[in-house]
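Just below is one structure, and these are the notes that go with it.
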Amino acid sequence: MKGERTPVRSLAARVRGRLRRLLDNSFRYELGWFLSGTAVLTLLLASPPWGVHYGELVVGEPAPRDVIVPLDVEIPDEAGTSALREAARRQVPPSYVFDASAALRVEHAIAEAFEAGRRFLEAAGQLGGASSSGRAPEPGRSAVMAPLPPGTPSDFVDACWRARFSPALEHDLETAARRLLSGLIVPRMDMLPVARPISVRTARERRETLLSDFSQIMDIDSARQRAQQMGAAIEGFAERDRGAARALLERLVEPTLTFDQEETARRMDEAARRVPLRFARLERGTVLARRGTPLTGEIVEQARAIEKARPQSLKPVPIAGTAMLSTLLFGFLWLYPSYQRRRREEPAHLFSMLALLILMMLLTTRGLLGVSSLLLDRLEPYDRMETMLYLIPASAGGMLAGLLFSGRVATVYSVFFSLPYAIIAGWDLRLLAYSLVTHFAAIYAASQYRSRAAVMKAGFAVGLAGAASAVAIDLASGSANNWQMVGADGGAALAGGAVGVPVLVSFFLPFCESLFGVLTDVRLLELSNLNNPLLSQLAASAPGSYNHSLIVGTLAEEAAKASGANGLFCRVAAFYHDVGKLKMPEYFIENLGGGGNPHERLAPSMSALVLASHVKEGARLAREYGLPQQIVDVIPQHHGTRVMTYFFEKAKKTAANGVHVNPDDFRYPGPKPQTREAAIFMLADSVEAAARTIDEPNAEKFRAMIRQISGRIILDGQFDECDLTFRDLDAIVEAFVRSLVSIYHHRVDYPTYVFDSEERRKKSEGLPREARR
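Okay, so the sequence shown: first residue is 406 according to the numbering used here, each after it adds one.
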């Protein structure tokens, strides 16, 4: 057939092309995907997957039907919550305020009194005189009494008058008052709580301590006794005047630690508010009332609470909150591809693809969840909703994301899928943990996925991880009451992973590959089958080109692995990069089989057109046979816009004197390589052809040849549009050398045979290097 154009294939290629362009254009409108995705996610999150409605229940009337808890639910426990809040209030320590300024006020009062007394003495001319045994004059008495507390005995003023208000006496009194009022003084000790600490904070300061030892606290009576002891110890007074000092210190005693009832009440209320509403868990199958049994108020209250726990209708407030949550989720999901796009590490329109995949899997799991809720009563012992949730193969989306994109993108998908999935299932954090674990297992399984037949093995690995996580969650959370429930949950998770995940992945993967235009390793492995119709034609009609493609595939794969590119893609795409030679295989030396050189009969410009046509024809054939666009793109890029040097030089030699030969007329149509993989193809294609011309090949000759070829390609600007680095190039060169040495290794001579390679070399003379490929 030699790749002839057929009407059916041409029509199919045109239809595929139009659909691909339509899908690519639709994915380009990311704002539309954001808005529509947010709306759909809002509806999914706001609408509950199941509902409960008992009908009209009247206290005192017989139950019209059995009132049974259909699902494991939690209802508010008002009585239990009140008890917990009251206990929290009792745990709050009483709040007391310590007046640290009391000692300072008394010191100031004593200082002012003594200063007033000294001023009066100075005015009377008696400041430096000896102690007198008289009484203080009335004008001076009033000035001294003014700063002191009301009720201060007049004997104290007389005693100070007789001591001439000495600074030493003032210092002793201030020290005694400061020591006395710096302690914690309460009106009565019985005001303190029993066997409970108190909270002590200093007035006008934020310092606060918790005090359990009350031995350092005094009541008023104890403080006054201590004041008497301190007054008796003051030596600045005469013996007869020390009673006045004791009386003053007793008068100065006041409570420094007072109970703050308002702050204590506020803290108690705050502690009570921090206690969350307690919920009573009702397990599925619990019988609240049998048919005909009189309904009590408690039963009716529980039934109504169960109905509220699973609302039946969409309400404005929940929808508003859900819309905000959906917007946040999709907003952050939008940011990730934007960041990756700047780094050029992920495909274009990644957000649209991820949003569609998330919604598609949420709709699928939501549908399975609804079907499961209808079948609960018929699936004993799997008749618990938690068990059914383990059975749903939601982690298939993680495996799909890993196969379609990368492990990093799949991890992001797992988080943004698991959050709404757990919300759909009733805000179940256990399901969130289970979903993340199984998704991560699916991502790992996807990295080991090398054929569609391996889907069962990958699914079994996901099932094992799911079963282990389900059992662990049951044991850790206490959600299963017995080992039968634990076993049922583990068995459901194993079945969901081992059976459900492979089924969903096998169903959705081909669809997603076509929908997203993504080339997966699974698809590449299918295309690597050498029995592919297009490769079979190439092997039959252009065997030299076919074998050349296999060797180029080997070189390109090893070079790609060494430089961090996609080795599998390089190998598979190499099989198809020269399918355009099916049109005129005899014009390429590898297919001559010892025949004459047809280019000797053609003008150089015509030969250049023949060589250039094989990339255009190759792209056309690749599209007709439904090859992925990534492979179609590589076919023209593997020659880039390089000049066909042999025919260009031949044209210059044969041109008339003074006639300019334009090198652009002898260039391949391009484009230049756009990816590292395409650049590796260009190098591998040239290196494979040049390696055949080296006599007595060895590693050094290969390395020099590869360096020369790569240098010319770089100087020609062929790598200007791809992200190949010089570090990558060094790794590629060494990988080429290793591969070529293993292919063209030295063999010992056969003593009884003579192989004349000179004749073969002569026959190949006159053919351009491009034509030898």
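All C-beta atoms in this analysis are idealised placements derived from N, C-alpha and C, irrespective of residue type, glycine included.
- A contact between stretches requires three or more CB pairs, one per stretch, nearer than 8 Å, and the region 604 to 616 fails this requirement with the region 561 to 576.
- Residue range Gln666 to Arg679 is occupied by the alpha helix (DSSP H) that includes Thr669.
- Contact annotation: the region 938 to 953 touches the region 987 to 998, with at least three C-beta pairs closer than 8 Å.
- Between Ala493 and Arg524, the gap from beta carbon to beta carbon reaches 9 Å or more.
- Tyr501 carries a strand assignment under DSSP once its states are collapsed to helix, strand and coil.
- By alpha-carbon distance to Arg593, the top candidate from Arg606, Asp624 and Phe619 is Asp624.
- Of Leu774, Pro552 and Val502, the smallest CA-CA separation from Glu512 is found for Pro552.
- The C-beta of Gly775 has fewer than 16 other C-beta atoms within 10 Å across all chains shown, which makes the residue exposed.
- Under the Cβ criterion (8 Å, minimum of three pairs), the region 586 to 601 counts as touching the region 659 to 677.
- For Pro481, the enclosing beta strand (DSSP E) covers residues Val478 to Pro481.
- By the Cβ criterion, the region 799 to 806 is in contact with the region 758 to 773, since at least three pairs of Cβ atoms, one from each stretch, lie closer than 8 Å.
- With a 10 Å radius around the Cβ and a threshold of 16 neighbouring Cβ atoms, Trp739 comes out buried.
- Val474 counts as buried, since at least 16 other C-beta atoms from the protein chains shown sit within 10 angstroms of its C-beta.
- Classified as exposed, Ser882 has fewer than 16 neighbouring CB atoms from the shown chains inside 10 Å of its CB.
- The residue from Leu834, Thr486 and Ile1148 with its alpha-carbon nearest to that of Ala676 is Thr486.
- Per the coordinates, the alpha-carbon of Pro554 lies some 18 Å from the alpha-carbon of Glu543.
- For Arg686, the uninterrupted beta strand (DSSP E) run begins and ends at Phe684 to Leu687, by DSSP.
- Of the residues Arg1112, Lys1055 and Lys1021, the one whose Cα lies closest to the Cα of Ala1140 is Arg1112.
- Pairing Ala978 with Gly972, the inter-Cα distance amounts to about 10 Å.
- Taking the Cβ atoms as the reference, Ser852 lies roughly 6 Å from Gly812, within the contact range of under 8 Å.
- Using a Cβ distance threshold of 9 Å, Glu963 and Arg1143 count as a contacting pair.
- Note that the C-beta distance between Ala637 and Pro558 is not below 9 Å.
- Bridge pairing for Pro467: Pro699 [DSSP].
- Straight through space, the alpha carbons of Met1110 and Cys975 are spaced by roughly 22 Å.
- Looking at the backbone, the Cα of Val842 and that of Ala806 are separated by about 15 Å.
- Ranked by how close their Cα comes to the Cα of Ala900, the residues Leu796, Pro938, Leu940 and Leu914 have Leu796 in first place.
- Val904 sits close to Gly864, with the two beta carbons spaced by under 9 Å.
- The beta carbon of Ile1137 is closer than 7 Å to those of Ala964, Ala967, Ser968, Ile1085 and Leu1088 in its chain, skipping five residues each way along the sequence.
- Assigned with DSSP and collapsed to three states, Val692 falls in strand.
- Excluding its 5 nearest sequence neighbours in each direction, Phe684 has C-beta neighbours in its own chain below 8 Å: Glu479, Ile480, Pro481 and Asp482, listed in chain order.
- Residues Val817 of the same chain have their beta carbon placed closer than 7 Å to that of Tyr741, with the five preceding and five following residues left out of the count.
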